[in-house]
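All residue numbers for the sequence shown refer to our numbering, where the first residue is 11 and numbers rise by one. Yeah, the Cβ is synthetic: ideal placement off N, Cα and C, and Gly gets one too. These notes concern the structure reproduced below.
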Amino acid sequence: MTHLELFAGIGGFRQAMNLLTQDNIMQFNSIGFSEIDTKASTTYKANFRPAENEIEMGDIVSFTANPQNIERLPDFDFLTGGFPCQTFSMMGKKAGFDEDRGQMFFRIIDILQIKHPRYVMLENVKNLVNHDKGRTIDRIIKELEDLGYHVFYNVFNTSEFHLPQTRNRLVLFATTEEVDIQWMNNNYIPTNVQATYNKVYLHLSPFHYKYVTDILSQNVEAKYYLSERIKPTLLADGSANFKSKSDINMLIARPLTATMHKMHRACQDNYYSQDFIESHGTINHASKYTKEQLAQLPIRKITPEEAFMLQGFPPSFAINGRNAGVADGSLYKQAGNAVSVNTIYAILYYLITNNIIVE
11 MTHLELFAGI GGFRQAMNLL TQDNIMQFNS IGFSEIDTKA STTYKANFRP
61 AENEIEMGDI VSFTANPQNI ERLPDFDFLT GGFPCQTFSM MGKKAGFDED
111 RGQMFFRIID ILQIKHPRYV MLENVKNLVN HDKGRTIDRI IKELEDLGYH
161 VFYNVFNTSE FHLPQTRNRL VLFATTEEVD IQWMNNNYIP TNVQATYNKV
211 YLHLSPFHYK YVTDILSQNV EAKYYLSERI KPTLLADGSA NFKSKSDINM
261 LIARPLTATM HKMHRACQDN YYSQDFIESH GTINHASKYT KEQLAQLPIR
311 KITPEEAFML QGFPPSFAIN GRNAGVADGS LYKQAGNAVS VNTIYAILYY
361 LITNNIIVE
């Protein structure tokens, strides 16, 4: 099964497909990838070491501006992409297709019109389902159906697939193949994807963790600890114009964000006290201490390696990126933008074992 990965980031789709290949579920081979962020591309290449014949498309806007570039792509079976989500996100302005990044979906359509692969899988934020009162998702489905695809989608939470992070994302699957729609109703990918994966995950290659404490290292560099000056601000429950409940020591992490290196309040990012880490979660003063008392404890943010692990990547992905010259700030951004490997693996496993995806 040949694969083209668009908006690749650090390669969440490719990593899931590599693990499916490793587990002898289905053989996947990459023919190329697109990624405009040079630092993300550096991390991608440091880990996957693309073959010489793989096509590095770079900026998809520039690439698709010339249809001959698309025509010169080798034929392939499967297109994937986590196209830019900021324009549909609850944290963004929700401008959708009216904003440049929202137009990236139509660059996918440019490629599909010419190459017409059998399968497509796209990932985006949960809010895409309700954006513009449902008209945005309806437009996406219509564009794909007009090209001859049957389209199905659903929202999946990373925490349902044995990664301790609350991360709800829309996953859309489209195929030109005829499918038995008895197992799909109203364009939805079945929710029993999770139940199917739960029966087999212990025997498969994706990493799995119950709680964040299974990931956190007891000894990390001093630079990851919060300074005495910043702790009161990050732990505060907001101000007159912004109220929040800033908790630390979450066993299931909050959603990783692309801007977590900027260190938001503890209601938005993930911070852990040293005693909580060393006790593997059995000591947790967060439920009893005042904010002032908590500020006296050694508290740190997660490391890039831990952020990558929360997305289902091995820590070596972050290490390889760093060794290739990628700074921590960029690594955090890459982890926050990444597709959760286990989620994609589980959905693909379900579709393959139910003969929806066939070689």
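For a quick check, are the C-beta atoms of Phe93 and Met114 less than 8 Å apart?
yes
Range covered by the beta strand (DSSP E) that runs through Thr165
Reading the sequence as shown, one finds Val at residue 165 and not Thr. First-last of the beta strand (DSSP E) with Val165: 160-167.
In DSSP terms, what Gln175 is bridged to:
Ala263
Apart from the five residues just before and just after Arg145, which ones in its own chain have a Cβ nearer than 7 Å to its Cβ?
none
DSSP state of Tyr211 mapped onto helix, strand, coil:
It is helical.
How many angstroms separate the CA atom of Lys392 from the CA atom of Ala75?
This structure does not reach residue 392, given that the chain is present from 11 up to 369, and the question cannot be answered.
Starting from Lys301, trace the alpha helix (DSSP H) both ways and give me its first and last residue.
301-304
Check the C-beta distance from Ser23 over to Thr90 and give it rounded, since I have them as a contact under 8 Å.
A small fix is needed here, since residue 23 is Phe in this sequence, not Ser. Yes, Phe23 and Thr90 are in contact; Cβ-Cβ is about 4 Å, under 8 Å.
Val165 beta carbon less than 8 Å from that of Arg149
no
Report all residues from its chain with a CB closer than 7 Å to the CB of Leu226; omit the five preceding and five following residues, and keep chain order.
Tyr282, Ile287, Glu316
Ends of the alpha helix (DSSP H) at Met270?
First-last for Met270: undefined, no H or E at that position.
Buried or exposed: which applies to Phe17, given that a residue is buried once 16 or more other Cβ atoms fall within 10 Å of its Cβ?
buried
Within the region 280-331, note down every full alpha helix (DSSP H) run reaching 4 residues or more, in order along the chain.
284-288, 301-304, 314-320
Backbone CA spacing between Lys55 and Asp224 [nearest angstrom]:
Their backbone Cα atoms lie some 28 Å apart in a straight line.
Between Met273 and Lys301, is the Cβ-Cβ spacing less than 8 Å?
no
Spell out the partners DSSP gives Glu238 in its beta bridges.
BP columns for Glu238 are empty, so no partner.
For the region 259-269 against the region 200-219, are there 3 or more C-beta pairs whose distance is under 8 Å?
Output reads no: the region 200-219 does not touch the region 259-269.
Boundaries of the beta strand (DSSP E) in which Gly68 is found, first to last residue:
65-68
Could you tell me if Phe318 is buried or exposed, where buried requires 16 or more neighbouring beta carbons within 10 angstroms of its beta carbon?
buried
Give me the residue from Asn364, Ile354, Tyr359, Asn333 with the minimum Cα distance to Thr52.
In this structure, Asn333 is the residue among Asn364, Ile354, Tyr359, Asn333 with its C-alpha nearest to the C-alpha of Thr52.
Below 6 Å CB to CB, which residues in the same chain sit around Pro84 once its five sequence neighbours on both sides are set aside?
Ile41
Cutoff 6 Å; reference Tyr360; Cβ partners in own chain excluding five residues on either side
Val203, Thr206
Taking only the alpha-carbon atoms, compute the straight-line gap between Arg59 and Leu341 and give it to the nearest angstrom.
18 Å
Assign Glu62 to one of three DSSP states: helix, strand, or coil.
coil
Bridge-paired residues (DSSP) for His13
Ser40, Phe88
Three-state secondary structure (DSSP) at Thr223?
helix
Check whether the region 344-356 touches the region 322-329, taking contact to mean three or more Cβ pairs, one atom from each stretch, closer than 8 Å.
Yes: the two stretches touch, three or more of their Cβ pairs being nearer than 8 Å.
On the three-state DSSP scale, how would you describe Leu83?
coil
Exposure label - Gln32; buried when at least 16 CB within 10 Å
Classification for Gln32: exposed.
Rounded to whole angstroms, what's the CA-CA distance from Thr186 to Ala337? Just pull it up for me.
42 Å
Asn352, enclosing alpha helix (DSSP H) - first and last residue:
351-363
Based on DSSP bridge pairs, tell me the residues matched to Ala56.
According to DSSP, which records beta bridges pairwise, Ala56 is partnered with nothing at all.
Start and end of the beta strand (DSSP E) containing Glu133?
129-135
With a threshold of 16 other CB atoms inside 10 Å of the CB of Asn134, please say whether the residue is buried or exposed.
buried
Distance check for Lys125 and Ile118, CA to CA, integer angstroms please.
11 Å
Could you give the residue range of the alpha helix (DSSP H) that holds Phe23?
22-32
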